[in-house]
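Counting in UniProt numbering, the sequence shown runs from 1 upward without gaps.
Structure record follows, encoded as structure tokens.
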Amino acid sequence: MQLSTTNLKDRLRDSDFEVSSISAVSPIRWTFLSAIISALAVAVQLAVVSRFLSASQLGIAALAMMILGFATVISDFGINKVLIKEQHLTPGLRTFLYALELILGFAVWLLVWTSAPSLADYYAAPELASLLSWGSVSLLIVPIGHQFYCLLSRDLRFKQLVVFEIVGSIVGLVIAVLAAILDQGAYAIVWGWAGNSWVKYSLLALVGWRQYPLTQVWEVEGLSPHLKFSFYATVESILTYISTNIDYLLIGYYLGARQLGYYALAYQVATFAPQKIGPILTRVAFPMFARQQTDDAVLRARYLSFLQLSIVLTLPLLVGALITAPLLVQVVFGVGWEQSIPILQLLTIVGIGKMVIVPVVPLLLAKGRADLAFASGLLVALGTLVGFLLVVEMGLQAVAVAFAIVACCHAACMLGLVRWMIHLKWPTYLLSIRTAVVATAWMSLAAYLVVAQTIIPVTQTGRLLAAIVVGGIAYGVHIMVADRPMALKIRNLLTGRSDGVV
Numbered sequence: 001m002q003l004s005t006t007n008l009k010d011r012l013r014d015s016d017f018e019v020s021s022i023s024a025v026s027p028i029r030w031t032f033l034s035a036i037i038s039a040l041a042v043a044v045q046l047a048v049v050s051r052f053l054s055a056s057q058l059g060i061a062a063l064a065m066m067i068l069g070f071a072t073v074i075s076d077f078g079i080n081k082v083l084i085k086e087q088h089l090t091p092g093l094r095t096f097l098y099a100l101e102l103i104l105g106f107a108v109w110l111l112v113w114t115s116a117p118s119l120a121d122y123y124a125a126p127e128l129a130s131l132l133s134w135g136s137v138s139l140l141i142v143p144i145g146h147q148f149y150c151l152l153s154r155d156l157r158f159k160q161l162v163v164f165e166i167v168g169s170i171v172g173l174v175i176a177v178l179a180a181i182l183d184q185g186a187y188a189i190v191w192g193w194a195g196n197s198w199v200k201y202s203l204l205a206l207v208g209w210r211q212y213p214l215t216q217v218w219e220v221e222g223l224s225p226h227l228k229f230s231f232y233a234t235v236e237s238i239l240t241y242i243s244t245n246i247d248y249l250l251i252g253y254y255l256g257a258r259q260l261g262y263y264a265l266a267y268q269v270a271t272f273a274p275q276k277i278g279p280i281l282t283r284v285a286f287p288m289f290a291r292q293q294t295d296d297a298v299l300r301a302r303y304l305s306f307l308q309l310s311i312v313l314t315l316p317l318l319v320g321a322l323i324t325a326p327l328l329v330q331v332v333f334g335v336g337w338e339q340s341i342p343i344l345q346l347l348t349i350v351g352i353g354k355m356v357i358v359p360v361v362p363l364l365l366a367k368g369r370a371d372l373a374f375a376s377g378l379l380v381a382l383g384t385l386v387g388f389l390l391v392v393e394m395g396l397q398a399v400a401v402a403f404a405i406v407a408c409c410h411a412a413c414m415l416g417l418v419r420w421m422i423h424l425k426w427p428t429y430l431l432s433i434r435t436a437v438v439a440t441a442w443m444s445l446a447a448y449l450v451v452a453q454t455i456i457p458v459t460q461t462g463r464l465l466a467a468i469v470v471g472g473i474a475y476g477v478h479i480m481v482a483d484r485p486m487a488l489k490i491r492n493l494l495t496g497r498s499d500g501v502v
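The following block contains the structure:
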């Protein structure tokens with residue numbers, strides 16, 4: 001048994017990543033830095049914009065961003081997955097895929113631009129047509145730099161990506177805030193996203209053309225299996241996107257832009273941690289899983305490592321949002337958004353479900369089972385659609401309850417796939433997240449006592465800050481006492497230090 005453990009550690013070191021040590025050169029650290037800056041930019045943007053936009057304007061902006069996001073998924077056609085999974089694509093084949101992305105990007109832009117008036121009529125939101133027309137222009141710049149984004153990710157050159165993403169996030173934040181202050185309404189959010197995209201992908205193109213030169217001759221030999229894989233990956237991404245955003249589609253149609261605005265704000269806050277931390281782990285996990293796709297022992301160790309980070313970094317944030325929701329909404333966004341409070345509390349369950357399955361899809365894709373990812377995505381999309389259609393006219397809280405149930409069922413199914421795919425035992429899985437769960441329980445108790453206390457008179461802002469500080473201390477102390485290696489891992493992630501913790 002000792003020999004087996006030693007061999008596993010040797011294989012992990014040979015593959016350039018140790019499960020229990022995150023050093024200064026670890027790709028996770030750079031993506032984490034990028035996510036912190038991006039998260040701060042999004043948080044500031046949402047807090048500022050919500051003070052200037054009405055619920056209806058935020059709802060229309062949410063519809064526009066949902067449609068533009070869907071268009072981006074389609075224009076990719078799973079090529080990003082192919083570029084990361086296949087470690088040795090020829091320059092000629094990459095050139096063909098680059099040209100294919102350019103063609104798809106133009107076609108999708110044309111589709112969105114021409115269909116904008118019809119979509120605006122469908123949702124009875126005239127302003128949506130202009131928003132989509134302006135925002136869709138960004139679909140033309142994405143394919144110019146997207147391949148290089150994937151190649152830099154594949155080669156774990158996240159330090160370069162961080163610079164581009166930070167610059168893009170700052171530019172997008174400045175544009176959105178200025179537009180909101182200048183009373184541009186829903187355009188503030190769309191223009192902020194567009195500015196971010198243009199800056200990031202332009203920088204990627206400038207660097208990528210030098211580091212990954214294309215050829216003047218296309219190569220299509222051996223393309224068929226890649227297109228098959230990209231097709232399944234694309235359908236899986238589309239189904240995931242639809243199942244994730246079907247609530248926006250149905251709420252916008254049945255309940256109107258105003259109700260969607262309240263829901264959108266609650267959803268953005270409740271899924272803030274998964275949306276910002278989840279992509280860090282996904283972006284790093286996929287190329288790392290792909291490098292050792294035939295070694296189940298290494299994959300189990302890596303999967304559990306990413307799972308631990310996912311839960312440790314996000315579970316306290318989600319549960320904290322659940323407990324402090326009334327104070328959080330009133331203090332940060334204003335009393336005009338109080339209708340979002342119960343929706344936010346219910347949707348934190350959705351956030352927890354999302355974080356549990358963060359490492360699962362990269363694992364399935366790395367094992368070449370895009371078909372399983374597709375099948376699971378199809379089932380979730382159908383279940384979400386049916387559930388929402390049954391309850392949407394009952395109101396926002398009914399939709400949030402249905403979403404929470406679907407998210408829990410989805411998480412259970414995906415964990416079952418992982419157990420079968422890499423022969424993971426449930427006791428091992430539960431043991432890997434035990435410390436974070438117990439620490440979160442202590443944090444929840446501490447934060448609740450601060451929020452509920454009435455002995456010491458304090459303002460709402462002071463009460464919220466106190467709950468965050470006291471709860472954070474309770475969580476951190478338990479992590480340090482109960483699982484010192486995990487505490488060191490988090491410290492290394494934040495500071496770049498490495499103690500060789502094994």
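Heads up, the beta-carbon is just placed ideally off N, CA and C, and yes, glycines get one too.
Which two residues bound the contiguous alpha helix (DSSP H) that contains residue i?
i      : result
Thr114 : 91-122
Leu424 : Careful: Leu424 lies outside any alpha helix (DSSP H) and carries neither H nor E.
Val361 : 360-366
Asp76  : 55-76
Thr348 : 341-356
Ile141 : Segment: none, Ile141 is in no alpha helix (DSSP H) and carries neither H nor E.
Gln211 : 187-211
Glu127 : 127-135
Quick check on the burial criterion: 16 or more other C-beta atoms within 10 angstroms. Buried or exposed for residue i?
i           : result
Glu338      : exposed
residue 505 : No information on residue 505 is available, as it lies outside the stretch 1 to 502 that the chain covers here.
Thr114      : exposed
Asp247      : buried
Asp76       : buried
Pro274      : buried
Leu68       : buried
Val162      : buried
Thr440      : buried
Arg484      : exposed
Pro362      : buried
Gly416      : exposed
Thr461      : exposed
Met65       : buried
Leu178      : exposed
Leu382      : exposed
Ser118      : exposed
Pro359      : buried
Gln211      : exposed
Ala24       : Legend: pLDDT at Ala24 = 35, less than 50; position of this residue unreliable, no value from coordinates given.
Ile103      : exposed
In three-state DSSP terms, what is residue i?
i      : result
Pro274 : helix
Ile455 : coil
Pro316 : helix
His478 : helix
Arg157 : coil
Thr234 : helix
Gln268 : helix
Leu182 : coil
Gly336 : helix
Arg302 : helix
Gly168 : helix
Arg369 : coil
Gly395 : coil
Leu488 : helix
Asp483 : coil
Gln216 : coil
Leu260 : helix
Leu445 : helix
Leu328 : helix
Taking only beta-carbon atoms, is residue i less than 8 Å away from chain D?
i      : result
Pro213 : Of the chains in the structure shown, none is chain D; there is only one protein chain.
Should the stretch 253-261 be regarded as contacting the stretch 109-126, the criterion being three or more beta carbon pairs within less than 8 Å?
yes
Segment contact, 8 Å Cβ cut-off, at least three pairs: the stretch 198-217 with the stretch 164-171:
yes
Please determine if the stretch 384-393 and the stretch 301-309 are in contact, where contact requires at least 3 C-beta pairs separated by less than 8 Å.
no
Would you call the stretch 472-484 and the stretch 449-461 in contact, with 3 or more CB pairs under 8 Å?
no
For the 8 Å Cβ check, are there 3 or more pairs between the stretch 237-244 and the stretch 314-332?
no
For the pair the stretch 261-275 and the stretch 143-156, tell me if three or more CB-CB distances fall below 8 Å.
no
When you compare the stretch 342-349 with the stretch 426-438, are there three or more beta-carbon pairs, one atom per stretch, that lie closer than 8 Å?
no
Quick check: the stretch 442-452 against the stretch 364-383, are there 3 or more CB pairs under 8 Å?
no
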